[in-house]
Structures are given as C-alpha cells and as structure tokens.
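Note that the protein sequences, when read in sequence, are chains A and B.
For what it's worth, our numbering labels the leading residue of the first sequence as 7, then goes sequentially.
For what it's worth, our numbering labels the leading residue of the second sequence as -7, then goes sequentially.
Right, one structure below, let's go through it.
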Amino acid sequence: MRSLRSSLVVCSLLVSSLGLAACGSDDEDSSTTPSASGGDVELTVYSGRDEELVAPLLDRFEQREGIKLKVRYGDSAELAATIREEGDRSPADVYFGQDAGALGALAKGGALAELPAETLDRVGPGRRSTDGRWVGTSGRVRVMAYDKRELKPSDLPDSVFGLTDPKWKGKVAWAPTNASFQAFVTAMRKIHGEDRTAEWLEAMKDNDTEAYDKNGLIRDAVAAGEVQIGLINHYYVSQKRAEEKDPEAYPVALHFPRGDVGSLINVAGGGVLASSDHQDEARRLIDFLLEREAQEYFRSETAEYPLAAGVEPLDSLPKLADVPQPDLDLSDIDDLEGTLKLLERTGVL
Amino acid sequence: MTTRALIAGRGGHGPPRPLLLVATLVGAAVALPAIYLLVVVAGDLDGAADALWRERTARLLGQSALLAGAVAASAAALAVPLAWITVCSDLPGRRAWAFLVTLPLVVPSYVGAYVLVATLGPRGLVHEVLAAPLGIERLPSIYGFVGAWLVLTLVTYPLVLIPARAALRRADPSQLEAARGLGAGPWRIARTVVLPQISPAVAAGSLIAALYALSDFGAVSILRFDSFTRVIHQSYRASFDRTGPAVLAAVLILLMVVLVALEARVRRRGGHHRTGPGAGRPPAPVPLGRWRIPALLLCGTLVTVALVLPVGVLAVWALHGTETLPWDELRAATGNSLLTAGLAAVIAVAVTAPAAWLGARHRRRRVVRAVEAAHHGGYALPHIVVALALVYFGVRVVPWAYQTLGMAIFALVLLYVPLALGVLRSTVLQIPPSLEEAARGLGRSRMAVARTVLLPLARPGVLAGLALVFLTAIKELPAMVLLAPTEFDTLATVLWQQTNLSVFERAAVPALVLLAISAPPLALLMGRER
C-alpha cells in the first residue's frame, strides 16, 4: 500500500535521525526529585546568560566541586516566567540571570531564598539585593561607544543629556527594545524624575537618534561609520576589540561619562531558589561565581567587571573606582513596567 | 445530488462514538493553553479587568486583526495561482517549481525579518548598492506594518499553497472536462469549478496563515510592529505579574474564534467531492499559451525573494564568519531537530484524523463543530504563552514527564495540530461518502474502511499534512527552550543563541542547515506525488 510505504519513508527518516540525536543527548534520567541522601548531587541551573559565555566556567565548577550541573539556557525573562509558573515545584536550584531586573522580579515574587551574609559581603553594597536574595556576580557598565576616527575624547559630552545637542543630530544610536537600555532608563527615572526623563527621550527622538534592535548591531554600526556614538554596554566593544588582530586599530572606543547615569553599572547575578532541596550545594555555586577563579574568568573571557575577590578589570578599561556612580541602589531599578509605559508614551518604543 | 443533500440525509445517524471520544480528548489537550489562561484570569479578576480596559487593548486588537487579515489575503492571493500553475498547467519544470515555491515555509520569520532589514533596511544592501550612488539619502522605512506584512506573507503563503495543491490534485478532472465540453471559458471554469473545489482548503490554509501572523513574535519584534504578541512578550519581561499577558492572550483567543467561525462559513458553502469513481486520475495539463511567461515570472520572482535572497544573505554571512560552530554540536542539533519535528508530524497527523473525518462528514453536529474548534487550541497564541501553559500543567499534573523529550513532542503536537486539521479535513471532503458507505455495506469494519478506502484516497492530504507540520515544527523555539530536556539543543535553539550573541555570521550556519535539512523531506514528500 502506497500510504504505508510513504509512512515507512518518514519513519526511516526518524530512525536515522535518532542515531544522530543519540550523539548529542545524554540525559539518562531527567527526574527532578532530590537524589537519595549521600549520593551524587545534581544541580539544575536556569541560565539567562548565554551558553557560549558561561558554559566553560560552569564546567570548572563541576570538576572542582564534583557536583554535576544541568543547565537550561534561555532568555532571562522567559526563564524567570517559567519559575513563576513552576512555583515551588520548580526543578531549578539556581537562577543565573543577565540583569538585576529579572532577579529583582524573582525576589519580589518570593521565589528566591535568602543568601548568607558572608556570600553577600563578597561584593560591595549596591551590587546585591537589599533583602539579600540575589547577588551580582559581574558588572556591566553603560557607555558611549564612539568612533575614534571621527571624535576625540574631549569632543564627547560629559552626560547623556548632552546628546540632545543639535550637533549630534542623526549621529547617535540606541536600542529601545534592549533590556539593558530599559534598565538605564529606569535608573534615569529614579535619579532625574519622570518629567526630565520624558523630556530627554523626546529630545533624543527629535534629534534623529537611530534605533537598533541589539547592542551588537550598534557597535558594528559605529565601527562601520554609520553613526558616531552608540549607547550600549561596555563589553560589546571590549570583547570585539579583544578578538581583533590589532586591538589598537579597532575604531570603536569607550567613553564613561563621570557620575552620570550614562555610565551606570548594572550586574549579572544569581540567586538560590527557595524551593530547592539542595540549598547548600546551590549556595556553593553562587560562592564559586564570586571566587577569584570565576571573577578572573569574567574579566578575561566576557570582558565584564569583576565585582569580588579583588580582581581588577581588563587593562583597557578604567577601574570601577574611576567610574563614579550616580547615587542609586540597583535594587531600586525594578519598575520596568513604568519604563515601558514611558517609552511607549514618548513614542520611543 | 449535492453533498448538502447527502449530508442532510445522513443527519439521522450520529457520529461514531469512539471516534468522537478520541477527537474530544485530542481537542481537550489542544485547548490546554486556553484553559490555562482561564485559570490565570479567574485567579485575578480585578487585575484582569484593569489590564483589559485600556485604550491600548483596542488599538492592539485593531493592529493585530489588520495584520492577520492582510497576511491571510495576500498569502491566498499568491498561493491560489501558484497552486494551479504547479498542478494543472503545462509550466516547464512544474514539479521543481512546486518544490521551490513551497520551501520558504522553513524560513523562520525572524530570519526573514533580519534579511529584510539587511536588504531594504536604512543601511541595507539596496541602499548601499542602488540608493546611495543615486544620492538617495533614505529609503522608505520598512519598519512597522509594511515590513511585518511582507515578511509574514512570504513565510506563510506555503501554508495555503500546500493544502491548495493537495486539493487540486484530488479534484475531479471530469467536472472540469464537462464544463469545458459545455463551452465554458477558462475564467468561468476557474470560478465555477476549480475554486469551489479548492475553497475549503484555501480557507483552511488562510485561516492558518492568519493565526500564524497573530502568534508571530520574530518578525513583529524585529520590524517593530505593535501587535499583541510583542506587547505580551514585553509584559512578561516587565514584571512577575502574569495576569496582564494572560488577558491579552485571552483576547487573541477570542479573535481566533471569530476567524475560525469565518472559515467555517466559507467551508459550509456546498460540496467538493468528486462524483465519479474513487480512483484519482491526473488531469490533462492545461496549456498556458501566452500566460507562460507571466507564470514563470511569478514563480521566479517568488523563489528569488522568498528563498534565494535569504539563502544568499545567509551564505554571505556564513562566509564572513571567522568562527564556526563545533561540528559535533551542529550534528547533534540537526539530529534533534529532525527527530522532534518528524515525530511531531507523524503524531499530529495521526491524532488529528478523527476530528478531520468528523468535521468533513458530520459538520452539522454542534458537538463536532465544538470539538473541531477546540483543535485550533492556542494556534493564535504567542508560543511563549503555550509553552508557559504547559510548564504550569506539566509540573503539576505529570511531574515525571516535565522537561522530557515526550513533553517537548507533546508541545509540538499541540501547537501544530491545527495545521494538520485543515488539510486533512479538506481531503476527506473531496472523497465521496458513498464509497465509505459502499464498503461498510459490504460488511467491512470502520477500521478496515479507513485503512483500505480512506487512507489510499487521502494520501495527498496526509503527505501535505506531514509536510506542513514537519516544516513548521522544525523551527519552533519557545516550546523547545522551556520544555525540552535540559541541554537538548535543536537547530532553532542554536540559531537563537547565536543571534542573541549578536553574531549573525555564526547564526547563518545553523540557519542554512535548517533550510538544507528541510529540503529532502519536502522533496521526498513531493516526489511521492503521482
């Protein structure tokens, strides 16, 4: 029968793909129940940070501590939403996220357990949640990435508020849909108030600021000379620079406006789920991320700012102490909803 | 004797119980996301009312409905002539064209959107090569409605084309020949004979295209068109509150119900099956004459825009890339993609068959219509909502299956059952019930009739259903990210990871592999066409 034959064709296709798949998946047992006491503990990590960037580091933890990790990589916000749906049945033990926003949302929803004081004290105040439920593991700084073929450092304004000047018309890029940009706007609202932020957004829009979808695209646009200044996170440039044959020749440089919201430090960080049956092991992972080895990894591999263990940032970057911060607690920039409303109202989104 | 009379005459017997039971179970499973939304909304009625009564909701409803309508209309407008040209005409190489014009289905909408930006965007290829030398500072913006409509049309018209071609291939050539013999001109034949034969398939396909447009996130987010999906995604990001997005998603379901009802109306008009003997016979190809060049142009343009261009841009990116993905990873992801999409296709087609048969044979029954409508489940929903609904139920009801391969396949089946439903049902509609009745009258059991009469006759529809589900499921992202076993990568998730890193050069390779591995199953299925 012909229909039978064609389903056989489909089935044989499936079988051959099974063979291929077998090389890739090695999940012998995906049970989510806690293992019997004494046996090998396995931690499930929900990581909003990219596999490419953090997998080698997590591998080192496995080797060193003998604790096996199962890591689910995804979007920070979507994984946080998943934990919300799972409630206290979540298979996750640790949440490792891209920005303070999603961590704050999880803490607010009661999904994260309190961390011990000695863990929290490894990083400076303001780099952890005020209620002690998450801790920043590495820092990312908002910068003006500029085209150094066209501009000298002295040409650049000392605040993002200077970018509304007509001389920058059409020469600046931003990424309104990007989470880091939105966190920056939330911070601006906290520091400068709703009205001044709205004014700035509108003035920037009227100044023909170019909207891009992603930070990386902005960096490339600056490198290609399409725009002169981009509002992005520092490591997009630092990572790319490090990959270049001649880093000095890379045309994009960083400007950190002093004490301005334009050089805000945000963090990637982690927390332990309150529902986890492996609180001790989960905390060990968080502690590991704050130790020298991991902090050095963040410096050299992801070009982020180390936040603990006395590790200094890359030589091409200013020290954290030399990036004076506006007066703001990261735990306070959790009103993303208000920011989205403002971005919508001003027509930026 | 018309089908209407036939069906009315059969009104006395109820639909077979076991079949109805199976269809009801499948419908209930597919409707899980809708049930989840009810649970969430009912849990926070005040918050739900707040989130609903905003000026924005009305605006979004208008925008999304507009996009869905426009995409469905343009997809059908492209697909119907294409289907006819590639099935009925003497177009040179029509088999090859049929294959090539179907392939854009596998281009994920976000890849299509990136390609559009890369070509027609403010600093795209066209600007660089054509506009800038001519001194044109800025091209008209592709962002917003126009861009989203264009990209979604180009990735969804195959959803109409596949069922339309299946319907044409099952169509009864004797009707056409009779009309011609009676002296009807080609346009009259098209209107009175061909279109009625394929209208249920086209309507079902257009519905699916419209629902796809409603649920799409990739294109609308990259091209910045404010639809429900985009706002739903944003509010998931914005807070821990789940009522807001759930309410918007519920509105989408209502919109879908309206569309499903519209489609059912189109379908209810008249009969479609052949009156002659059951064995299909290929119609004699219609000479295109002076329409040959326009027909070739249509096919050629579409293939260029919807297939060659994306592949070309991806190939350029791939060549630019300095680093490539490790081969092992790519191979594993390829295997996983084939495995999940293949299983999902076979299972989705199998479990949809009862509802498709009931929908064709017992469509007057209210219970059948309800079960059928439930089969559309959450197809209009952003897939992130469907995935979260399954997270909610999975972890509570079947914790042992949560985040296993079975769960991921279940999610894919649930997501893509509506694709199979339309094409299978229109296939059954074209098979005269008298054949089944005759076989039953000769003492065959229902199962035996299904196996020996229905299945062989429904073959084009079954193959089309398999192709549709396979090619669509292979690019699924949110369900795989949230529900597949931990550390189980597919090409779509690898692709997503790479674009997330803003390394488009590296995203190009998995995207090309995705296109490449989708081609053989499609060729295989089309090669089985008689």
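Where is the CB? At the ideal position from N, CA and C, for every residue including glycine.
Among the residues facing chain A, Tyr408 (chain B) is not included, as its CB has no counterpart in that chain under 7 angstroms away.
By alpha-carbon distance to Lys158 (chain A), the top candidate from A:Lys325, A:Val258, A:Leu334, A:Glu124 is A:Val258. Counting only Cβ-Cβ distances below 8 angstroms, Val77 (chain A) has contacts in chain B at Thr478, Glu479, in chain order. Restricted to the stretch 90 to 161 of chain A, the alpha helix (DSSP H) segments that are unbroken, complete and at least 4 residues in length are 106 to 114, 123 to 126, listed in chain order. If you look at Ile238 (chain A), you'll find it in the beta strand (DSSP E) that goes 235 to 239.
Under the 10 Å beta carbon count, Met439 (chain B) is surrounded by fewer than 16 other beta carbons and is classified as exposed. When C-alpha distances from Leu30 (chain B) are compared across B:Ala182, B:Gln490, B:Val377, B:Val409, the shortest belongs to B:Val377. Counting C-beta atoms within 10 angstroms of its own C-beta, His312 (chain B) has fewer than 16 neighbours from the protein chains shown and is therefore classed as exposed.
Here Ser101 (chain B) is buried. Its C-beta has 16 or more other C-beta atoms within 10 Å. The beta carbon of Gln55 (chain B) sits no closer than 7 angstroms to any beta carbon of chain A. The Cβ atoms of Tyr52 (chain A) and Leu85 (chain A) sit closer than 7 angstroms to each other.
Note: Asn272 (chain A) is bridge-paired with A:Arg146 in the DSSP secondary-structure output. Pairing Phe385 (chain B) with Ile89 (chain A), the inter-Cα distance amounts to about 13 angstroms.
Counted as a single uninterrupted DSSP element, the stretch harbouring Tyr149 (chain B) is not any beta strand (DSSP E) but the alpha helix (DSSP H) occupying residues 137 to 162. When C-beta atoms of the stretch 210 to 217 of chain A are compared with those of the stretch 238 to 255 of chain A, fewer than three pairs fall below 8 angstroms, so the two segments do not count as touching.
Sequence-distant partners of Ile77 (chain B) (beyond 5 residues in either direction) whose C-beta falls short of 6 angstroms from its own C-beta, in its chain, are Leu83, Ala287. Annotated three-state conformation of Glu208 (chain A) is helix, per DSSP.
The closest CA to that of Ala156 (chain B), considering only B:Ala511, B:Gly414, B:Leu487, B:Glu497, is found on B:Gly414.
In terms of beta-carbon proximity, Ala113 (chain A) stays away from the interface with chain B, with every pair separated by 7 angstroms or more. Classified as exposed, Gln69 (chain A) has fewer than 16 neighbouring CB atoms from the shown chains inside 10 Å of its CB.
Bridge pairing for Gly277 (chain A): A:Tyr101 [DSSP].
Contact check between the stretch 122 to 141 of chain B and the stretch 413 to 429 of chain B: fewer than three CB pairs, one atom from each, fall below 8 angstroms, which does not count as touching. Ile181 (chain B) does not reach chain A, its nearest Cβ partner there being about 30 angstroms away, counting only Cβ pairs nearer than 8 angstroms. Where Trp309 (chain B) is concerned, the enclosing alpha helix (DSSP H) starts and stops at 301 to 312. Taking a C-beta cut-off of 7 angstroms against chain A, the contacting residues of the stretch 359 to 387 of chain B are Ile376, Leu380, Val383, Tyr384, Val387, listed in chain order. The Cβ-Cβ distance between His284 (chain A) and Asp99 (chain A) falls below 7 angstroms. Counting C-beta pairs closer than 8 angstroms gives three or more between the stretch 57 to 74 of chain B and the stretch 142 to 153 of chain B, which meets the contact rule.
Taking the Cβ atoms as the reference, Leu153 (chain B) lies roughly 4 angstroms from Ala71 (chain B), within the contact range of under 8 angstroms. The Cβ of Val389 (chain B) sits no closer than 7 angstroms to any Cβ of chain A.
Residue-level contact by beta carbon fails for Gln422 (chain B) and chain A, as no gap is shorter than 7 angstroms.
At a C-beta separation below 8 angstroms, Gly80 (chain A) has these neighbours in chain B: Val473, Leu474.
By the C-beta criterion, the stretch 358 to 375 of chain B is judged to be in contact with the stretch 15 to 30 of chain B, since at least 3 inter-stretch pairs fall below 8 angstroms. Counting C-beta atoms within 10 angstroms of its own C-beta, Trp179 (chain B) has fewer than 16 neighbours from the protein chains shown and is therefore classed as exposed. Residues of the stretch 207 to 222 of chain A with a C-beta atom less than 9 angstroms from some C-beta of chain B are Glu216, Ala217, Asp219, Lys220, Asn221, Gly222, listed in chain order.
Taking a contact to require three or more Cβ pairs closer than 8 angstroms, the stretch 221 to 238 of chain A and the stretch 299 to 317 of chain A do not qualify as touching. Using beta-carbon distances, Arg95 (chain A) counts as an interface residue toward chain B, with a partner under 7 angstroms.
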